[in-house]
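Input: a single structure, listed below in structure tokens.
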Amino acid sequence: MSENVEGKPSAPPVRVGCCGWSYREWVGPFYRRPDRMLTQYSRVFDLVEMDSTFYRIPDPKTMAGIARTVPERFLFTVKLPGAITHEAACRDTESSRRALEDFLHALEPMRSRGSLRLVLVQLPPSFTAEGATDLERLLGTLRDAGLATATEFRHVSWLEAEQREGSIDLLRRCGSSYTVVDEPLLPPEVHVSASPVYLRLHGRNPALWYDYNYREEELVGWADRVQGLVADGKEVLVVFNNHPHGNAPRNARRFLELLGMARTAIDSGW
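Counting along the sequence shown from 1, when you hit position 116 you're at 127 in the working numbering, and nothing is skipped either side.
Here is the structure:
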């Protein structure tokens, strides 16, 4: 970890973690015990994506308790509720406005603590580039609320040759990071529309998404790309979403080793 001009530790240019942490099947492959999972997790990683907010908006007390569980320098990314992206399809409706208000209220403890890095806007697979106007309005609303965002396209229309530049320009106008993906559907293209660069590794199993264990050469390939981004002065967040069988933390720890960032001193405290 480097130091800034005042001699204080500066933020690392790369953070690596997983999508979620509360998986019983990680007990054994990763966790030593079935309790205090986030505490155990934060001894190895300094980043996690909180996906549960997609399904249900927690109350602020719950979010405050989660934020207090981890070290001060630990960061969260949080997924925008599906009530906004999926049910309302990013449109400005009474229900989506109410959901956004509740979501912003829930985030306040993390925001005040400085542990919220960004909000992931994951679009439905059916949300095509025809919805660009609704997406731009939503991203602008989140920006005006003071939130950094990353947007994950999940329909090929956003990246077709005649549309690709327009899609990235939309994100640039809204200050939203393009979410780089490794998955069976969309190409693993790297576009930089805002900071940080957000990389989500879903796995390459077309039959059953997420059930995938990355091979060494695949991790090396992504590590090289991440190091290239860092050399260009970019901040990069990497999250593994291949959670079955404990593959996500296993691959994430190996990824840290490839980047020369393995946290062995923290591991030894278990």
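We put the CB at the ideal spot given by N, CA and C, even for glycine.
Opposing strand residues paired with residue i [DSSP bridges]
i	result
Lys72	Beta-bridge pairing links Lys72 to no other residue.
Met61	Val89
Arg122	DSSP lists no partner for Arg122.
Tyr209	Thr190, Leu248
Gln133	Glu163
For residue j and residue i, believed in contact at Cβ under 8 Å, the rounded distance
i	j	result
Leu150	Ser187	5 Å
Val231	Val208	The Cβ separation is near 18 Å, so there is no contact.
Met74	Pro120	5 Å
Gly257	Glu36	6 Å
Proximity test, Cβ basis, 8 Å: residue i and chain E
i	result
Pro199	The structure shown contains no chain E, having only a single protein chain.
Beta-carbon gap between residue i and residue j smaller than 8 Å
i	j	result
His166	Pro136	yes
Trp322	Ala140	A question about residue 322 goes unanswered here, because the residues of the chain that appear run from 12 up to 281.
Leu210	Leu248	yes
Asp57	Phe87	no
Tyr189	His202	yes
Tyr142	Cys185	Here the sequence assigns Gly to residue 142, which means Tyr is not the residue at that position. No, they are not a contact pair.
Asp103	Arg175	no
Pro217	Pro198	no
Ala161	Leu212	no
Arg264	Val55	yes
Pro260	Phe65	no
Under the three-state DSSP convention, the category residue i falls into
i	result
Gly39	coil
Val27	strand
Val3	This structure cannot settle anything about residue 3, because the visible part of the chain is limited to 12 through 281.
Leu153	helix
Arg102	coil
Ala161	strand
Arg128	strand
Gln238	helix
Glu227	helix
Thr139	coil
Asn216	coil
Arg261	helix
Leu222	Just to set this straight, residue 222 is Asp in the shown sequence, not Leu. Correct three-state label for Asp222: coil.
Asp145	helix
Phe266	helix
Gly280	At Gly280, the pLDDT of 37 sits below 50, so the modelled position is not reliable; the number obtained from the coordinates is stated separately. Residue state, collapsed to three classes: coil.
Leu196	coil
Trp32	coil
Task: Contact between the segment 22–38 and the segment 244–260 (3+ Cβ pairs under 8 Å) - done: For the pair of segments examined, the segment 22–38 was found to touch the segment 244–260: the number of CB pairs separated by less than 8 Å reaches three.
TODO: Evaluate contact between the segment 123–138 and the segment 155–166, counting only Cβ atoms and requiring at least three cross-stretch pairs below 8 Å.
DONE: Put simply, the segment 123–138 touches the segment 155–166. At least three CB pairs are less than 8 Å apart.
Open item on the list: If contact is defined by three or more beta carbon pairs under 8 Å, each pair taking one atom from either stretch, is the segment 46–55 in contact with the segment 71–82?
Closed with: Flag = yes, the segment 71–82 and the segment 46–55 touch.
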